[in-house]
Amino acid sequence: MNKWLIIHAVAMIWVYATSGGMFYAFGGLATDLKTAGDFSQTQINTLGGTCYTAGLSAMLPIAFFASNALRVTFVTLLTFPIIGWGLLVWVMATRPESFQLVMLGFIIACIGDAGAVTPANVLFVTFMEDPLTEDELVRLIWDQAWIQKNAITGFMVLFALSGGLASVVYIYSPGLPQNKLDWFFVGSFVVSCISLVVGTTWIAGVDLVSQRLRRRGRERGLRVVANNGVDDEGPQPWEDRSLLTRWILLLNNLDLWLGFWGLFFLFGPAVNFYNNAGSMMLAMGADEDALGLIYLLFSGGQIVGRIITSSLITKSKSPWGPTVCVILFSVVLFLVSLVLWLDMDLWLIRVFTVLNALVYGSLWTVIFEIPTPGKLLPANFPAETGFNWAEGYGILCFAPAFSPLCFDYLSGYLYDQHLEEGSIFCYGHKCYSRYFLYSA
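If you're matching positions, the sequence shown starts at 609 in the working numbering and goes up one per residue.
What follows is the structure, given as structure tokens:
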């Protein structure tokens, strides 16, 4: 394997592990954050949904900026978590009851943690996107196929695993809620500073590879082509169309909207369950050990979902295989939701966690592949639009970005309707029964 792949892989592992750990840790610390700030469940759910919305809705502008200023965009995003977690360290020490400041810190941090992954993916394959000589292209064909089939899936799995582990580590950490939050925010700030160093060093390595490949091509006097064997200097089908026309073509695409709304109604309940799993278990009288198991089950379930769907994408001859897989998972999820509406039970919640995680993990694999022509939705992004993969991914990220905010607010509102006077916690089946009916 090319040595530069190993170097890029190490950097990608760090970026995905730290970003996933920080981005998905909210579910584990939501209950303590509620206690420390004396917040309502509606506020906590709004905070979780807003963080998710902020991180993913930033994908579209990030994708467009990254196409023209990849390195500047990536480094800028790496500074966001430093600012966000640093702000939260200060807020927890001085004004933990300020919901607005807490939300601001989380939003800034999540934009960086979620957003940095998009330019990181582009950086990982930059050495193949740079002009290569023909013999270099032939030598790297296997490497490129290996990346597409295994590496990106592996990084996605790592993103999910690190998030679950971060939640579990936080839950089992000793100390009062305020102290645990302080240590978590300080640790996140330190990790973000290290990520900035790793990211800037990585960029220097990518630039070095690009320079060597170009120099080698000039020395051998061979014709330079793109990594797909197509001359990028030739005319493109979208060059004579304005940006507005390209957007109109894209927005008139039925496949795009089918994918968008499907993702919207599936992502919302899945993310909401993750953010509220701790509150659900506490409402049913579970202890701290049960909370840790829930987040491990969710982390493991979404890993399996990503692997299964990725395998279907790679091996299935039918482009609809992964979509059918997600639909089947969703049907089962619908049935379990109806059962939980009738009677919540700790074991049923665990089963629901696994199934919910399978759907959630599968959906992320699906959304990674939808912008790729000929995969799940045929002709989903017509060539006439001129949108590349990163931009298409950013457009579709609006679906999972806004749906969790809607479902999180709904569940928090329904939860607060059943609170006893003077209490910030709800107990019993009534706390979430109506929500399971609505999310089904």
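Ideal Cβ placement from N, Cα and C applies to all residues, glycine included.
query                                                                                                                            : result
Collapsed DSSP secondary structure at residue 903 in the structure displayed                                                     : helix
Alpha-carbon spacing of residue 722 relative to residue 778, whole angstroms                                                     : 20 angstroms
Residue 713 vs residue 695 beta-carbon contact at 8 angstroms                                                                    : yes
Cβ pair count under 8 angstroms reaching 3, the segment 648-667 against the segment 798-807                                      : no
Simplified DSSP assignment, three categories, for residue 800                                                                    : helix
Distance, residue 962 Cα to residue 875 Cα                                                                                       : 15 angstroms
Cβ shell of residue 1045 (< 8 angstroms), same chain only, five flanking positions each side left out                            : 945, 946, 949
Beta-carbon proximity check, residue 1019 vs residue 1040, cutoff 8 angstroms                                                    : yes
is_contact[residue 882, chain C] using C-beta, thresh 8 angstroms                                                                : In the structure shown, chain C cannot be found, because there is only a single protein chain.
Check whether residue 968 and residue 878 have beta carbons under 8 angstroms apart                                              : yes
Nonlocal neighbours in the same chain, by C-beta distance under 8 angstroms from residue 873, ignoring five residues either side : 1011
Length of the line joining the Cα atoms of residue 1013 and residue 1029                                                         : 26 angstroms
Residue closest to residue 688, alpha-carbon to alpha-carbon, out of 895, 797, 1035, 856                                         : 797
Sub-8 angstroms separation of residue 728 and residue 794 beta-carbons                                                           : no
Cα-Cα separation between residue 1002 and residue 1042, rounded to whole angstroms                                               : 33 angstroms
Integer Cβ distance of residue 644 from residue 704, believed to fall under 8 angstroms                                          : 5 angstroms
Unbroken alpha helix (DSSP H) run spanning residue 711, endpoints                                                                : 707-723
Collapsed DSSP secondary structure at residue 914 in the structure displayed                                                     : helix
Cβ neighbours of residue 938 in the same chain (closer than 8 angstroms, five flanking residues each side left out)              : 874, 967
Simplified DSSP assignment, three categories, for residue 704                                                                    : coil
Cβ-heavy atom distance, residue 1043 to the ligand SAM, below 7 angstroms                                                        : The ligand SAM is not among the ligands present in this structure, which contains no ligands whatsoever.
Residue environment, residue 1008, which counts as buried when at least 16 other CB atoms sit within 10 Å                        : buried
Backbone secondary structure at residue 1035 - three-state DSSP                                                                  : coil
Where residue 932 falls, given that 16 or more other Cβ within 10 Å makes a residue buried                                       : exposed
Buried versus exposed, by CB contacts within 10 Å (16 or more), residue 652                                                      : buried
Coil, strand or helix - residue 649 by DSSP                                                                                      : helix
Extent of the continuous alpha helix (DSSP H) run through residue 597                                                            : Nothing about residue 597 can be reported from this structure: the residues present for the chain run from 609 to 1048 only.
Residue environment, residue 626, which counts as buried when at least 16 other CB atoms sit within 10 Å                         : buried
As assigned by DSSP and simplified to three states, the class of residue 860                                                     : coil
Three-state class that DSSP yields for residue 986 in the structure shown                                                        : Confidence at residue 986 is low in this model, with a pLDDT of 36, below 50, so its placement is unreliable and the value that follows should be read with caution. DSSP places residue 986 in coil when its eight states are reduced to three.
Straight-line Cα distance separating residue 812 from residue 618                                                                : 14 angstroms
Span of the alpha helix (DSSP H), counted from its first residue to its last, around residue 1045                                : 1041-1047
Of the listed residues 852, 901, 633, nearest to residue 774 (C-alpha basis)                                                     : 633
Where residue 1030 sits in the DSSP three-state scheme                                                                           : coil
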